[in-house]
Structures are given as C-alpha cells and as structure tokens.
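Residue numbering for the sequence shown follows this note's numbering, starting at 1 and increasing by one per position. Where is the CB? At the ideal position from N, CA and C, for every residue including glycine. In what follows, a structure is listed as structure tokens, so that the remarks can point back to it.
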Amino acid sequence: MNKNIVILISGGGSNMAAIVRAAQQEHWEQRYGARVAAVISNKADAAGLAFARSQGIATEALDHKAFESRDAFDAALAARIDGYQPALVVLAGFMRILTPGFVQCYAGRLVNIHPSLLPAFTGLHTHQRALDAGCRFAGATVHLVTAELDVGPILDQAVVPVLPGDTADVLAARVLSQEHIIYPRAIRALLPTL
C-alpha cells in the first residue's frame, strides 16, 4: 500500500520542494512505500504549485476566500486531501490557522514546521522576537499538530546562532536553510511508523 503524503502550501514552497527532492533522492517509494501524492494550496498563484507540477505531482488550489467560514473551508480542504488517501499531511508554509475539527481528523499524522525553537516564540514574527529578546540561538522545530497552536510533540529541531548585526530577514534565511534539512529528515523518520 502506498503511504501517500499530501503537502499544503501558501507560497513558494521551498520546504515542500526540499521534501520532494529528498523523497526522490532517498527513494522513499521503493524503501518505505511513500510518495508525495499531491500539493494543495489556498492560493492559486502559489509559486510552489508550478514546482510540484514540474515534478509530476498532482496539484490543487482551494481559495479560502471563497468560503463563508473557516469551518467550511477546512471541510472542503479535508475532502480534497482525503481524495489522496493520505498517510501523512504536511504543512509547509500553509498560512492558515486550522480548526480543531480539521486537526482532529488528521491527529497523529499532521506535521508542521515552525521557525523557532519551540516552545519559544509560537505564532508569528518569530525571528524579530528572538532578536528583540536578545537570544543567542534561534532555530526551527518540526512537530505534530495539535489543536493548540505550535505546541504539539516535537519531532526534530535545528539550532542556528544569532550573529551580531543579524536582521530578522538574515536570521530567517539562516533558519530556512536548516528547515530544508530537518523537515525531510523528520518525515523520513515517521515513514516506517505509518
């Protein structure tokens, strides 16, 4: 049986691309029976969709603005996701807060990456907040998603130094380079357990 992975994005999809490349280079389909089956975005113009299509991966766009409520969007999104019979749903820069019902639907198989060393700096503007707090280290965390924002069980982390003169953008780029390493690694570690 194929362990289908569905990745949700809102923009460029660099973490999604890192996962797709790792799946190809590390032969996830042959080794684990796992493949990236689809990439779904809440924005039709998300640049990551073009990359996914270029790799022969099914893509869909579902505009959240076309729905009257968060619940209605999440229900429609879940229906699209379920069409791919996912073993794992991966949030890769999907800029939507998901409803508790959606999270419960995929409990134990919904994964996210957050650009801080959780539990520090949940939510937005993590890099600026780390700089403002005088942190000497920053990083990224891969975690299972629970109904409470950014507090699910931690699967993997990467630490980067905060350097003198760092701006939020410079620090974000340093963290992102590590995200591209730990996100595929965390998913690969999950595959034998699915």
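- By alpha-carbon distance to Gln178, the top candidate from Asp156, Arg188, Arg129 is Asp156.
- In this model, Ala92 and Leu8 are separated by some 6 Å (Cα to Cα).
- In the three-state reduction of the DSSP assignment, Gly33 falls in the coil class.
- In the DSSP assignment, Thr167 falls outside any beta strand (DSSP E), carrying neither H nor E.
- Per DSSP, the continuous beta strand (DSSP E) segment holding Thr141 begins and ends at 137–144.
- Taking 8 Å as the upper bound for CB-CB distance, Asn42 and His27 are not in contact here, some 31 Å apart.
- Residue range 58–61 is occupied by the beta strand (DSSP E) that includes Thr59.
- Ser177 sits in a helix when the DSSP states are folded into three classes.
- Here the C-alpha atom of Asn2 lies approximately 10 Å from the C-alpha atom of Tyr84.
- At the C-beta level, Leu62 and Arg80 come within 8 Å of one another.
- For the pair of segments examined, the stretch 171–187 was found to touch the stretch 7–21: the number of CB pairs separated by less than 8 Å reaches three.
- When Cβ pairs closer than 8 Å are counted between the two stretches, the stretch 132–139 is seen to touch the stretch 161–173, the count reaching three or more.
- A distance below 7 Å between beta-carbons, with the five flanking residues on each side excluded, links Ala78 to the following residues of its chain, in chain order: Phe102, Cys105.
- Note on geometry: alpha-carbon atoms of Arg35 and Thr146 lie some 24 Å from one another.
- Between the beta-carbon of Val142 and that of Val111 there is about 6 Å, and that keeps the pair under the 8 Å contact cut.
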